[in-house]
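First comes the structure, then the notes that go with it.
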Amino acid sequence: MVGIPNIGRALDRVVATAQNGLEVIRMGGLDTGTQPTPFRVEETSPMYRLRRYFPDDLNGGPPALLIPPMMVSANVYDVTPHNGAVSILHANGIDPWVVDFGSPDQEAGGMERTLADHIVAISEIIDLMHEETGRPVHLIGYSQGGMFAYQAAAFRRSQQIASLTTFGSPVDVLAALPLGLPANVMAPLAELFADNVFNRIAIPGWLARTGFQLLDPVKAARSRIDFLLQLHDRDALLPREDQRRFLEADGWVAWSGPAIAELLRQFVVHNRMVSGGFVIRDSLVTLAEITCPVLAFVGDADDIGQPVAVRGIKRAAPRAQAYESVLPVGHFGLVVGSTSGAHSWPTTSQWILWQEGTGPIPGEIAPMPDNPEKSAGSGVSFSSRVTHGLGAVADAGAGVGREMVHAAGSFRRTSTAVVRESVRTLPRLMRLGQIQAGTRISLGKLMSENAERAGHRELFLFEDRVLSHIEVNRRIDNVVRGLIQCGVRPGEHVGVMMETRPSALVAIAALSRLGAVVVPLPPDADLARMLRLADVVVVIADPASLEQCVEHAERVLVLGGGDVRSIPGADGDRIIDMEQIDPDQVKVPSWYRRDPGLGGDLAAILFTSAGGTVQQWPITNHRWAMSAFGAASATALSDNDTVYCLTPLHHASGLLTTLGATVVGGSRIALSSGVEPESFAREVYRYGITVVSYTWTMMRDIVRDPDLAITEHNPIRQFIGSGMPAGLWADVNARFPNAGVIEFFATPDGAAILANVAGTKIGSVGRALPETNRVRVAAWDVIEERFQLDARGFVREAASDEVGLLLAQTRQRYESGATVLRDVFGQHDRWETSGQLVRRDVDGDHWLMGSVHGVIKSADGPIFPAPITAALSLHPDVDQVVVYPVGTAGSQLAVAVVSPRVRTNALTVSSLRVALAGLSAAERPHIIWAVDEIPLSHSYRPLADSFRAQGLPKPSARVWYRDDNGRYRRLTRTVLAEKEWILSSAESPQQVRSF
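Residue numbering for the sequence shown follows the numbering used here, starting at 294 and increasing by one per position.
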């Protein structure tokens, strides 16, 4: 009857619920009667067991290795026998293999496994499978298993790998962390946990399961409620019971602490899946060396492997063809469930067959699009979450909140960046401000502090080798013992002539640790005079510099040179091979004190040349620290950075800014065996270079190489150095649009340190760095070479855009690098002269005009070389520029020498005039001389010496003179006669030359 409940049906429902519930309690779930897919263990090792499925029905198809995540059981690829990965792949002609890492807590030594252990194991398996099948292997990975696949392919540089298929595997981890967590908060937390938690404990399987469920608590709760409400209907539950049991109990394994720590440190804190330069068993690895095709499955409702993070593979592996397949599922649904059975695995089978050349391109894949460089969201839209079933009120509110946050992303990113940089920069500036004459500060001390703090983290990267902070620090201590054995004492001036290699940096740090004075020696200068000026008796040299040093130095200590080396003439007295000294046999004297350097102590001596005379410039530890801390703050260097130290260490930019800033920032130091496009492109990706150092025109051959194998997707964020011509600067901006250029300027002794931090004004040296010496521009009579005074008799400060002499205020009385003047702008002030002429624009930025002695004094007034060099270097067909004077003061001629770029149009007189249009006629060179090539110094500075020695160039079709109207015409002998110009060199002042 209507309205009367069916008592029998209700009773049956209660009984069925009780029976099924009891079975779940006793057995952990309902008995589905399903059996695992048959497999055979092909290989067993302490790290893994290698399964080969369907051993009795091998189909001879292309081999595919399926890799599970560390915390998920290998059975994830066989959850349901008819809808699981291995079954579908086999049915489509693929030969499926699965690596089973087991549960680390049940394996001998399992809880000590590292991330690298897994990568090396996968590489070994690839060799084994290739040997067994004779075919390249297709790698397939889910979640972190896909990250393993990427890393193993990069580790092997794609050898014997046919293709990569990944499911929800993040690459650009910091671009979209799970649940939209902010990177600026999670990265420091990840580092904290890596260094202080997971180095002691691991994650058991139950905690891994709980953590996964907490990522989506609403869905987890609803799934359990649905299960309870349907507990009476066994037939409705059985189709999904295997999947439920896998997620609720059987599918989770423990996660070793070292592996978690390494994952957090390398791929969350430093995000090296994108930047490159992660380390696997002392080998440097980058995804940029993946060349095999990639298919990434993307869940548009995946809050763990979010679309933006997954699509990071496009940027990280620019040489690989990357495809994607987007599915309307969450993280787990990509590999298990009805959608994966109907789409994921059939598409994967078609992909493999297409790569094998035996099938068409799958219809459900498409080329992967580029991620915006600064994407505001994760790629998971609110509508996708609702469609996927996350429309509960609480989660909907969270989703709307995230979308609102993304809408205001620009403001948030700006404010958090400011806070982050403030947190990093302010302590450095505070420490710099506290350095006094008696403060212990030196290069050696800072490297000791870094070793204590960073320990086994990487420091030196060179020729694919990795040295940790501890290893480098130990090497420094050993070299100190060797120096003691050779009789070097604190305060002694010791020359260093070495290429920019690890041994050179170690030698300089060891001298600092000992308390000796470093005297870097350029190989292309007057070595004998430099040794006399700096009172150097002992020189440390590498084998390549030995012959040159022996000719002039009283004693030479040979260091470095690789494992295979021979030192001719090493007699243990005048020539000592330091590599033969056993540091353990050296008795350390009682006077030795580690890192004794004080702020007021002399740390180094650099050289410059003015008026053709070599001069020494002393650098105290305080001046060195001022440059180092200031440059580190300006470039925002941190331990996330890898700095490409290409700058010669005898150059002020190398010792004061590049090396100093890198040590202060705690960054990794990458070194190269040469500066040429092929190695540059390879090492930028392999080392994960984020900051590139330079001097002068060092970047010329690299950025102007049309075949440079670097795409717009590269890790470089900054170029730092000094002396870069304006034209080359513009080329760097064009070739690396996502990177900036920070041009530094420092007087040879470090009294004044300026930097163009914004990088928007090409050619400007910017402003004084915070907490460094204050600078002012004094009014200067460039013809008479003297200060201009005001009505009170003090020096007048130059007005905006007026050329004047750069002065640096000396706050420490023990600093005495150059001439120090008192009572300059007012009573009791102290200012150090720089010898450099600058102009300060209305914004307060400074522009170099040249040295005091480098002004060309023509009949029409002063001509400054720097603006001419900058203007001509911006000409699209000009490669190098030098400017020099000819004649006597008051009637000098300015000669500009230009060389053409390779594969460009011929230089024309009209185009050169246009390039100089920003200068008045009187400011332009009298003569422009086109030559095939301009020589460079060891630090890549264009040299005018050979041209200056010739005086005026001989008339030819490549020489033009400036007429009375400021236009350029061909120089002929008739013109020379009319103007009474003489074809011979004349005595003229030399420009200041910094080595």
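Ideal placement from N, C-alpha and C gives every residue a C-beta, glycine not left out. Keep in mind that this is a model prediction, so the values were computed, not measured.
With a 10 Å radius around the Cβ and a threshold of 16 neighbouring Cβ atoms, GLN729 comes out exposed.
Non-local C-beta neighbours of GLN1102 in its own chain, meaning closer than 8 Å and more than five positions away in sequence, comprise ASN1066, ARG1067, VAL1068, ARG1069, ASP1122, ARG1123, TRP1124 and GLU1125, ordered along the chain. Taking ILE1156 as the centre and dropping the five residues before and after it, the same chain places the C-beta of ILE1149, ALA1187 and GLU1216 closer than 7 Å to its C-beta, in chain order.
In the DSSP assignment, ALA963 falls within the unbroken beta strand (DSSP E) covering 961-964. With respect to the 8 Å criterion, PRO1169 and THR1197 are classified as neighbours on the basis of their beta carbons. Looking at the backbone, the Cα of VAL430 and that of ILE418 are separated by about 10 Å.
The residue from THR955, THR632 and LEU826 with its alpha-carbon nearest to that of THR901 is LEU826.
Between MET340 and TRP548, the C-beta gap is not smaller than 8 Å, which leaves the two residues out of contact.
Between ARG612 and ILE573, the C-beta spacing is not below 8 Å. In this model, VAL334 and ARG767 are separated by some 45 Å (Cα to Cα).
With fewer than 16 other Cβ atoms inside 10 Å of its own Cβ, ALA1084 counts as exposed. In the three-state reduction of the DSSP assignment, THR935 falls in the strand class, which pools E and B. Nearest Cα to ASN1026 within the set SER1127, ILE995 and ASN352: ILE995. For ASP1074, the enclosing beta strand (DSSP E) has its first and last residue at 1068-1074.
Under the DSSP definition of a beta bridge, ASN1049 partners with GLU1036.
The beta carbon of ALA954 sits closer than 7 Å to those of ALA921, ALA924, ALA925, THR928 and LEU930, all from its chain and outside the five residues before and after it, given in chain order. By the criterion of at least three beta-carbon pairs nearer than 8 Å, the stretch 1223-1243 is in contact with the stretch 986-1006. Distance check between THR1112 and each of GLN1129, GLY1119 and VAL1096 places GLN1129 closest, using alpha-carbon atoms only. Ranked by Cα distance from GLU1005, the options ASN1031, LEU485, SER1192 and ARG750 are led by ASN1031. Boundaries of the alpha helix (DSSP H) harbouring SER380: 378-384, taken from the DSSP string. Its chain contains PRO429, VAL430 and GLN453 as the residues whose beta carbon lies nearer than 7 Å to that of HIS423, once the 5 sequence neighbours on both sides are disregarded; these appear in chain order. Per the DSSP secondary-structure output, TYR1261 pairs in a beta bridge with ARG1255. One Cα belongs to GLU751, the other to HIS762, and the distance between them is close to 6 Å. With a beta-carbon spacing of about 15 Å, VAL977 and SER960 fall beyond the 8 Å limit used to define contacts.
Remark: C-beta atoms of VAL567 and VAL464 approach each other more closely than 8 Å. Listed as beta-bridge partners of GLN453 by DSSP are no residues whatsoever.
Look at GLY1014 here: in three-state DSSP terms it is strand. Counting only the Cα atoms, PRO836 lies some 46 Å from GLY1097. When C-beta atoms of the stretch 909-916 are compared with those of the stretch 729-739, three or more pairs fall below 8 Å, so the two segments count as touching. Out of ILE1009, SER338 and MET992, the CA that lies nearest to the CA of VAL984 is found in ILE1009. No residue range can be given for HIS636, since it is assigned to no alpha helix (DSSP H) and is classified by DSSP as neither H nor E. With 16 or more other Cβ atoms inside 10 Å of its own Cβ, GLN599 counts as buried.
In this structure VAL561 does not touch ALA468 by the C-beta definition: roughly 12 Å separates them, more than the 8 Å allowed. DSSP places ILE777 in no beta strand (DSSP E) but in the uninterrupted alpha helix (DSSP H) bounded by 762-778.
PHE441 is bridged by DSSP to nothing; it lacks a bridge partner. The C-alpha of ALA744 is placed about 21 Å away from the C-alpha of ARG565.
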